[in-house]
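Asker: Take this structure first; my questions come after.
Residue numbers (my numbering): 194 to 500.
Right, dumping it as structure tokens:
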């Protein structure tokens, strides 16, 4: 069934690829974005997708744009852990008040479903691995705290108004067009490798992460949108751990940079180990990650890079 879907933050990294996936599935899409950090505005215009320039902090603007929508995929957010420590009020207003406004506007207008983009940052340092959705939530960053607050509002609106809300906790997302503002390790490594320089590994490199390609994340968003779940919380990852040192060496091989990675002191607050348990999203939404790490990384190599 064709749905009328609003994607907040649709001109951003995950937003753009999600819009493409929704269009491919036959849905009607409109985008809300304040365009302050938009990466894909021109590409959206090329697809003929309406872009409404509005901020999620503006409830009345959202109310106007959401009119007639069946569902909302809420991706608009500030996303840097480091920046959130420096700008906690801004992060609260955009990520928490913004989420509240999306839910309020949706409930007022009879929108049936909201898919909320959360983060593995809500878990904090794992007490068991792999991390399942019932793992304790104990964020150690302002960013993680704001995403967890948005989750609480999703649950409350489902209980109070019957609004269907699906929470997706993304692990380490990467892919083409990722914004440099998101200080992910793959972005940092790629920037140096593209200049012929070895990547810099913080700490001993034995820490590991769960890297999930943005196209798989976009598919997870679509599955959550089309599901019959009234309320649910799901990890979005691969379930496969990758050590940072192995990632650095793989990227050096793919980019054609010889030698060994450089090492720097550990970053304060870095979580040592993180990998998702994805059995719930497999079982309940039919999600299966389809893009392996090496395949996904090959798509990031600039044409000018030596191979």
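Backbone N, C-alpha and C define an ideal beta-carbon position, used for all residues, glycine too. None of these values were measured; they are calculated from a predicted model.
What beta strand (DSSP E) runs, 3 residues minimum, are completely inside the segment 252–340?
Answerer: Segments of the beta strand (DSSP E) lying fully in the segment 252–340: 264–267 and 306–312.
Asker: Need the endpoints of the alpha helix (DSSP H) that residue 407 sits in, please.
Answerer: Element bounds for residue 407: 407–419.
Asker: For residue 176, which option in 210, 494, 476 and 396 has the closest C-alpha, if you only look at C-alpha atoms?
Answerer: Any answer about residue 176 is impossible in this case: the structure gives the chain only from 194 up to 500.
Asker: Please report the distance separating the alpha-carbon of residue 402 from that of residue 313.
Answerer: One C-alpha to the other measures close to 11 Å.
Asker: If we count Cβ pairs, one from each stretch, closer than 8 Å, do we get three or more for the segment 226–240 versus the segment 199–211?
Answerer: The segment 226–240, when compared against the segment 199–211, does touch it at the 8 Å Cβ threshold.
Asker: Helix, strand or coil: which one does DSSP assign to residue 247?
Answerer: Three-state DSSP puts residue 247 in coil, outside helix and strand.
Asker: For the alpha helix (DSSP H) that residue 378 lies in, which residues bound it at each end?
Answerer: From DSSP, the alpha helix (DSSP H) with residue 378 extends over 378–386.
Asker: Count the C-beta pairs between the segment 409–420 and the segment 435–453 that are closer than 8 Å, then say yes if the count reaches three, no if not.
Answerer: No, because fewer than three Cβ pairs between the segment 409–420 and the segment 435–453 fall closer than 8 Å, the two stretches do not touch.
Asker: When we look at the beta-carbon of residue 194 and count the other beta-carbons within 10 Å, is it buried (16 or more) or exposed?
Answerer: By the 10 Å Cβ count, residue 194 comes out exposed.
Asker: What does the Cβ neighbour count give for residue 340, buried or exposed, with the cut at 16 atoms within 10 Å?
Answerer: Buried is the call here.
Asker: In whole angstroms, what separates the C-alpha of residue 495 from that of residue 439?
Answerer: Using only the alpha carbons, I get a separation of about 21 Å.
Asker: Which value, in whole angstroms, describes the spacing of the CA atoms of residue 364 and residue 331?
Answerer: Rounded to whole angstroms, residue 364 to residue 331 spans 16 Å at the Cα level.
Asker: Alpha carbon to alpha carbon, how far is residue 320 from residue 328?
Answerer: Looking at the two C-alpha atoms, the distance is approximately 8 Å.
Asker: Report the three-state DSSP secondary structure of residue 221 (helix, strand or coil).
Answerer: If DSSP states are grouped into helix, strand and coil, residue 221 belongs with the strands.
Asker: May I have the straight-line CA-CA distance separating residue 425 from residue 268, to the nearest angstrom?
Answerer: When rounded, the distance between both Cα atoms is 17 Å.
Asker: In three-state terms, what does DSSP make of residue 468?
Answerer: The answer is coil: DSSP assigns residue 468 none of H, G, I, E or B.
Asker: Exposed or buried, which one is residue 237 when buried takes at least 16 other CB atoms within 10 Å?
Answerer: When all chains shown are included, residue 237 counts as buried.
Asker: Can you list, in chain order, the residues of its chain whose CB lies under 8 Å from that of residue 499, leaving out five sequence neighbours each side?
Answerer: The predicted model places residue 499 with a pLDDT of 46, which falls under 50 and marks its position as unreliable; any figure quoted below should be read in that light. Hits under 8 Å: 389, 448, 449 and 450.
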